[in-house]
Amino acid sequence: MKILKIGGSLITEKDERAFEVAREDIIEMIADQISGKLILVHGVGSFGHPHVKRYGLTPRGISVTHLACIRINQKFCSALAERGINPVPVHPLEFFHRPDFDLIQELVSMGFVPVLHGDVIYQNGKFRVISGDEIVRIFSEKFKVDRVGFASDTDIVVDGKRVDFIDVTELDEFLEKIGTAEGKHDVTGGMRGKLKEAGRIAEKCDVYIFNGMKDGSVEDFLNGKWVGTRVGRKSL
């Protein structure tokens, strides 16, 4: 089984001026490439982050943020269903209250594609934001996973060159070289948060971070090919 995260910056306009703007063409392009047994997770981009920034984790903020996350999830799932995929929306606000990981495994075995997303959740007596990247890491720890992919809107580039491999033992040093994304809504840590989660996942299986805008890159990942940057250990 594979886990694939589709970045919110890929399927929505994430510029600070954008508000609930879906990139319908990109959603359709990605949906065209989906196949096989997998769990999908997607970011919410301009459907989630602006609400959290405006209202915080107040009752109003939690309500409007969750509803907006559902809206982009419906768009993504509808595109999959139109192409013969059988998606099952799984909303983290409800799921993580009493997690049933066996249900997710059964859905995949039955031919469904569970589709989760960034959201707000209630945990340890308070609400917090959970990123799609964190969800991927949690699920990769719960299931036997062949590979994990993070499709973003860009490759990982340092000094003008794409990074092909990051050794998890050198991840902290690498994180010092990169900055945070500027000019984008993001309350979940951006690329730095993604790399930190990827480093933890890479202790268990291959992890790839790649540019999902490139034609066929999602399909290549699902077919077992090297795409973008692999995060792992040199001894593998």
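Per the working numbering: the sequence shown ends with 1480, consecutive numbering throughout. Where a beta carbon is used, it is the ideal one built from N, C-alpha and C, also for glycine.
Pairwise C-alpha distance: residue j and residue i
i	j	result
Val-1265	Arg-1477	38 Å
Lys-1281	Val-1352	6 Å
Gly-1404	Asp-1416	20 Å
Phe-1465	Gly-1393	7 Å
Phe-1409	Asn-1467	19 Å
Glu-1414	Leu-1248	24 Å
Leu-1311	His-1335	10 Å
Glu-1447	Tyr-1299	37 Å
Glu-1268	Val-1285	17 Å
Phe-1454	Val-1401	11 Å
Thr-1302	Trp-1470	43 Å
Ile-1283	Val-1357	6 Å
Ala-1323	Lys-1421	37 Å
Gly-1460	Ile-1278	10 Å
Ile-1314	Gly-1292	10 Å
Val-1348	Arg-1327	Note on identity: in this sequence residue 1348 is Ile, with Val being the wrong assignment. Near 21 Å, if we compare the C-alpha coordinates of Arg-1327 and Ile-1348.
Thr-1256	Arg-1391	25 Å
Phe-1263	Pro-1294	7 Å
Asp-1344	Ile-1250	23 Å
Lys-1319	Thr-1309	16 Å
Gly-1472	Asp-1346	32 Å
Gly-1443	Arg-1261	32 Å
Gly-1376	Tyr-1452	15 Å
Asn-1330	Arg-1304	33 Å
Pro-1333	Ala-1325	11 Å
Lys-1258	Glu-1272	18 Å
Val-1462	Ser-1396	10 Å
Bridge partner(s) assigned by DSSP for residue i
i	result
Gln-1367	Lys-1370
Ala-1266	Thr-1256
Ile-1247	Ile-1283, Val-1392
Assigned secondary structure, residue i (DSSP; H/G/I helix, E/B strand, else coil)
i	result
His-1335	coil
Asp-1276	coil
Thr-1302	coil
Pro-1358	strand
Ile-1453	strand
Glu-1283	According to the sequence provided, residue 1283 is Ile. The question's Glu does not apply to it. Here Ile-1283 sits in strand by DSSP.
Asp-1344	coil
Ile-1410	strand
Gly-1476	strand
Glu-1441	helix
Gly-1312	Strictly speaking, residue 1312 in this sequence is Ala, with Gly absent from that position. Helix.
Glu-1447	coil
Asn-1317	helix
Arg-1327	coil
Asp-1459	coil
Val-1352	helix
Glu-1417	helix
Lys-1469	coil
Arg-1436	helix
Gly-1292	coil
Contact test: residue i Cβ vs the ligand ZN heavy atom, cutoff 7 Å
i	result
Glu-1264	Annotation note on the ligand ZN: not contained in the displayed structure, which lists no ligands.
Contact with chain D by residue i, beta-carbon distance below 8 Å
i	result
Asp-1276	Checking the listed chains, one finds no chain D in this structure; it contains a single protein chain.
Exercise for review: Return the chain-ordered ranges of every beta strand (DSSP E) run that is complete within the stretch 1376–1408 and spans a minimum of 3 residues.
Suggested key: With a minimum length of 3 residues, the continuous beta strand (DSSP E) runs that stay inside the stretch 1376–1408 are 1391–1396.
Check your understanding: Are at least three pairs of beta-carbons, each pair with one atom in the stretch 1327–1344 and one in the stretch 1358–1367, less than 8 Å apart?
Key -> The stretch 1327–1344 vs the stretch 1358–1367: in contact.
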